[in-house]
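Student: I'd like to ask some things about the structure below.
Number of protein chains: 2
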Amino acid sequence: MPATPSPNQNHLLAALPTAEFELLAPHLELVALPLGEMLYEPDRQLQHAYFPTTAIISLLHVMESGASAESAGVGNEGVVGVSLFMGGETTTSSAVVQTAGHAYRLDRRWLMQEFNRAELLQRLLLRYTQALMTQMSQTAACNRHHSVEQQLCRWLLLTQDRVAQRELVITQELIAGMLGVRREGVTEAAGNLQRAGCISYRRGHISVLDRAGLETRSCECYALVKKELTRLLSDAPCRHKATTAAR
Amino acid sequence: MPATPSPNQNHLLAALPTAEFELLAPHLELVALPLGEMLYEPDRQLQHAYFPTTAIISLLHVMESGASAESAGVGNEGVVGVSLFMGGETTTSSAVVQTAGHAYRLDRRWLMQEFNRAELLQRLLLRYTQALMTQMSQTAACNRHHSVEQQLCRWLLLTQDRVAQRELVITQELIAGMLGVRREGVTEAAGNLQRAGCISYRRGHISVLDRAGLETRSCECYALVKKELTRLLSDAPCRHKATTAAR
DNA sequence: GTGCGTATGTGCGCTGCCGCACATACAAGC
DNA sequence: GCTTGTATGTGCGGCAGCGCACATACGCAC
Numbered sequence: 001m002p003a004t005p006s007p008n009q010n011h012l013l014a015a016l017p018t019a020e021f022e023l024l025a026p027h028l029e030l031v032a033l034p035l036g037e038m039l040y041e042p043d044r045q046l047q048h049a050y051f052p053t054t055a056i057i058s059l060l061h062v063m064e065s066g067a068s069a070e071s072a073g074v075g076n077e078g079v080v081g082v083s084l085f086m087g088g089e090t091t092t093s094s095a096v097v098q099t100a101g102h103a104y105r106l107d108r109r110w111l112m113q114e115f116n117r118a119e120l121l122q123r124l125l126l127r128y129t130q131a132l133m134t135q136m137s138q139t140a141a142c143n144r145h146h147s148v149e150q151q152l153c154r155w156l157l158l159t160q161d162r163v164a165q166r167e168l169v170i171t172q173e174l175i176a177g178m179l180g181v182r183r184e185g186v187t188e189a190a191g192n193l194q195r196a197g198c199i200s201y202r203r204g205h206i207s208v209l210d211r212a213g214l215e216t217r218s219c220e221c222y223a224l225v226k227k228e229l230t231r232l233l234s235d236a237p238c239r240h241k242a243t244t245a246a247r
Numbered sequence: 248m249p250a251t252p253s254p255n256q257n258h259l260l261a262a263l264p265t266a267e268f269e270l271l272a273p274h275l276e277l278v279a280l281p282l283g284e285m286l287y288e289p290d291r292q293l294q295h296a297y298f299p300t301t302a303i304i305s306l307l308h309v310m311e312s313g314a315s316a317e318s319a320g321v322g323n324e325g326v327v328g329v330s331l332f333m334g335g336e337t338t339t340s341s342a343v344v345q346t347a348g349h350a351y352r353l354d355r356r357w358l359m360q361e362f363n364r365a366e367l368l369q370r371l372l373l374r375y376t377q378a379l380m381t382q383m384s385q386t387a388a389c390n391r392h393h394s395v396e397q398q399l400c401r402w403l404l405l406t407q408d409r410v411a412q413r414e415l416v417i418t419q420e421l422i423a424g425m426l427g428v429r430r431e432g433v434t435e436a437a438g439n440l441q442r443a444g445c446i447s448y449r450r451g452h453i454s455v456l457d458r459a460g461l462e463t464r465s466c467e468c469y470a471l472v473k474k475e476l477t478r479l480l481s482d483a484p485c486r487h488k489a490t491t492a493a494r
């Protein structure tokens, strides 16, 4: 973990060619995102796009019944607020900070303007958006067909990729909210994984011990989403090495 | 149903201002899409974008187990092949003709070129893509929390909006494939809906008798997706009235 | 009309997840 | 240390949907 926050910790920002980055840099504002903060909710006008460095954000759907489910997560590989440049400005989902950390944000108007002017920035953001769509649509199919344990594995792998740390700081209760299942279901699945030596956990902390084991027990969705993200962003121009991290 | 096929039957094409449409028109090619035809599949390079008029296309995910689920459907409100202008060129899903009919298609290269040149075309396509993302992410949450009957209602309503006909020509088996559930589950749900007077059906045909009834029995997802589609496309410039049809 | 392919109806037992009601045990603050 | 809030463990009945095995019945092709 770099002690000094840097925009290059975000893969999209790091992938921008120097010329474009220089234009953008003065407008980047570092913000701390505490756990549970809501970056946007349905129908509320989003004021900034957020490029996470150490924070992780969940795109959550809350149903009328109060039940919730995550359609995608965003970490240092992406950006929160694609609806700004997609033109809709609002979305039907909420964006909630799932792991506290930092992000750089850009003002809405500036981003919208620059998106239309800077061709490479536009291309990069659109390619990332397609990766996000992959994640969403795969989650739809995954929710239909795969078990809680498989989905927990997928979720742990995706999340760990974003923090680059063995230990995740999160409660099973919160994970249940993301997956849209009961907290008890997560407890049981996590128990199995711990007994199998894949993870170990204590009150609010989960450590990944055996990634290969998790990948075996995960459904195919993890590898698929990961592969697509890599494909879509790896051949982008790149100032720093941040984008190369595949899995 | 107009006897003469016209690009204006597709809401996106109809929404283009005359100047932009004139540029595009010579490149539009009318094609017949038979039931079951696969417009693209994972990793296969897409050669055309399809603007359906009477056809309906399902964006399907096929899992390793062979099970499938639709993450979104595309009818005359949209376009198949957003990955072309999003920059990825391929996707991880398949696109399968769910209801036979017609579509206008545009060559891949021409569309990619024009997307970068024509600002209004770009804006329209991106807004539609955001509506598609709404459909995908809502489907993810819906698959998690709602019953087969609720989802069948949602599916019937969305599909009927696309054909503008009382009667849909489709088997329960195919619907089951879209929803990612058992055929018997669809049979049972359809039986309930018929007994309630919402629909009537016979071998391969389903007629919607009571839209309001279906909306009541549907989950909130139908209204939400529909509303977002309307919002994103209604304030677009519009040569014809096609885009105004909100439900 | 007759026949046949295929769409639909129905009944099993089974499983995974739910909803609830607790028991337990951790960790931070006094 | 002890208390207290909260995270986790566990057991129950219930139910929706699954997988299977059929029975039935529709409608097209001949």
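Protein chains in written order, with this note's numbering: chain A, 1 to 247; chain B, 248 to 494. Quick reminder that beta carbons are idealized off the backbone N, C-alpha and C, glycines included.
May I ask you to report which of helix, strand or coil DSSP gives Pro273(B)?
Tutor: helix
Student: Kindly list, in the order they appear in chain B, the residues whose Cβ is closer than 8 Å to that of His145(A).
Tutor: The contacting residues are Met310, Ser312, Ala314, Ala316 and Gly427.
Student: Just to check my reading of the structure: Gln98(A) and Ile56(A) have Cβ atoms closer than 8 Å, yes? What is that Cβ distance to the nearest angstrom?
Tutor: 5 Å
Student: Please indicate yes or no: does the CB of Leu179(A) lie closer than 7 Å to some heavy atom of the ligand SAM?
Tutor: Ligands displayed in this structure: none; no statement on the ligand SAM is therefore possible.
Student: Mind checking whether Met383(B) and Ala470(B) have CB atoms under 8 Å apart?
Tutor: no
Student: Checking contacts by CB at 8 Å: is Gly81(A) closer than that to chain B?
Tutor: Gly81(A) does not count as touching chain B.
Student: Does the Cβ of Ala246(A) have 16 or more other Cβ atoms within 10 Å, making it buried, or fewer, making it exposed?
Tutor: Confidence is the limiting factor: at Ala246(A) the pLDDT is only 41, short of 50, which leaves the residue's position unreliable, though a coordinate-based value still follows. Result: exposed.
Student: Return the Cβ separation of Val174(A) and Cys198(A) in integer angstroms, given the expectation that the two are a contact with Cβ distance under 8 Å.
Tutor: First, the residue type needs correcting, since residue 174(A) is Leu and not Val in the sequence shown. Going by Cβ atoms, the distance from Leu174(A) to Cys198(A) rounds to 20 Å, so no, they are not a contact pair.
Student: Could you confirm whether any beta carbon from chain A is found closer than 8 Å to the beta carbon of Gln377(B)?
Tutor: So, interface residue.
Student: Where His27(A) and Arg231(A) are concerned, what is the direct C-alpha to C-alpha distance, given to the nearest angstrom?
Tutor: 29 Å
Student: Which stretch, first to last residue, makes up the alpha helix (DSSP H) that contains Asp161(A)?
Tutor: Asp161(A) -> alpha helix (DSSP H) spans Val148 to Val163.
Student: Please list the partners that Ser58(A) has in chain B, where partner means a Cβ-to-Cβ separation under 7 Å.
Tutor: Correct list: empty, because the minimum Cβ distance to chain B is about 12 Å.
Student: Should Leu277(B) go down as buried or exposed, given a rule of 16 or more other Cβ atoms within 10 Å for buried?
Tutor: exposed
Student: With DSSP as the reference, label Glu317(B) as helix, strand or coil.
Tutor: strand
Student: Where Tyr287(B) and Gln377(B) are concerned, what is the direct C-alpha to C-alpha distance, given to the nearest angstrom?
Tutor: So the alpha carbons of these two residues sit roughly 21 Å apart.
Student: Classify Pro17(A) as helix, strand or coil using the three-state DSSP reduction.
Tutor: coil
Student: Which stretch, first to last residue, makes up the beta strand (DSSP E) that contains Gln274(A)?
Tutor: Residue numbering for chain A in the displayed model covers 1 to 247; residue 274(A) lies beyond these limits and cannot be assessed.
Student: For Gly88(A), which residues in chain B fall below 7 Å Cβ to Cβ?
Tutor: Arg374, Gln377 and Leu479
Student: Where does Met285(B) land, buried or exposed, given buried means 16+ other C-beta within 10 angstroms?
Tutor: exposed
Student: Locate the alpha helix (DSSP H) running through Leu472(B), then write down its first and last residues.
Tutor: This sequence places Val at residue 472(B); Leu is not what is there. Val472(B) -> alpha helix (DSSP H) spans Cys468 to Ser481.
Student: Rounded to whole angstroms, what's the CA-CA distance from Glu220(A) to Met310(B)? Just pull it up for me.
Tutor: 8 Å
Student: For the alpha helix (DSSP H) containing Glu188(A), list its first residue and its last residue.
Tutor: From DSSP, the alpha helix (DSSP H) with Glu188(A) extends over Arg183 to Arg195.
Student: Does Pro5(A) come out as helix, strand or coil in the three-state DSSP assignment?
Tutor: coil
Student: Could you tell me which chain A residues have their CB closer than 8 Å to the CB of Ala262(B), listed as they occur along the chain?
Tutor: Neighbours of Ala262(B) in chain A, taken as residues at a C-beta separation under 8 Å, are lacking, since the least C-beta distance is about 13 Å.
Student: Look up Thr491(B) in the DSSP assignment and say whether it is helix, strand or coil.
Tutor: Summary for Thr491(B): the model assigns pLDDT 42, below 50, so the residue's position carries little reliability; its value from the coordinates is reported in the next sentence. If DSSP states are grouped into helix, strand and coil, Thr491(B) belongs with the helices.
Student: If you draw a straight line from the C-alpha of Gln360(B) to the C-alpha of Leu293(B), how long is it?
Tutor: Counting only the Cα atoms, Leu293(B) lies some 15 Å from Gln360(B).
Student: Identify each residue in the stretch 403-423 of chain B for which the Cβ-Cβ distance to at least one residue of chain A is less than 9 Å, and report them in chain order.
Tutor: Under the 9 Å Cβ criterion, the stretch 403-423 of chain B contributes no residue.
Student: Helix or strand or just coil, what does DSSP make of Ser137(A)?
Tutor: helix
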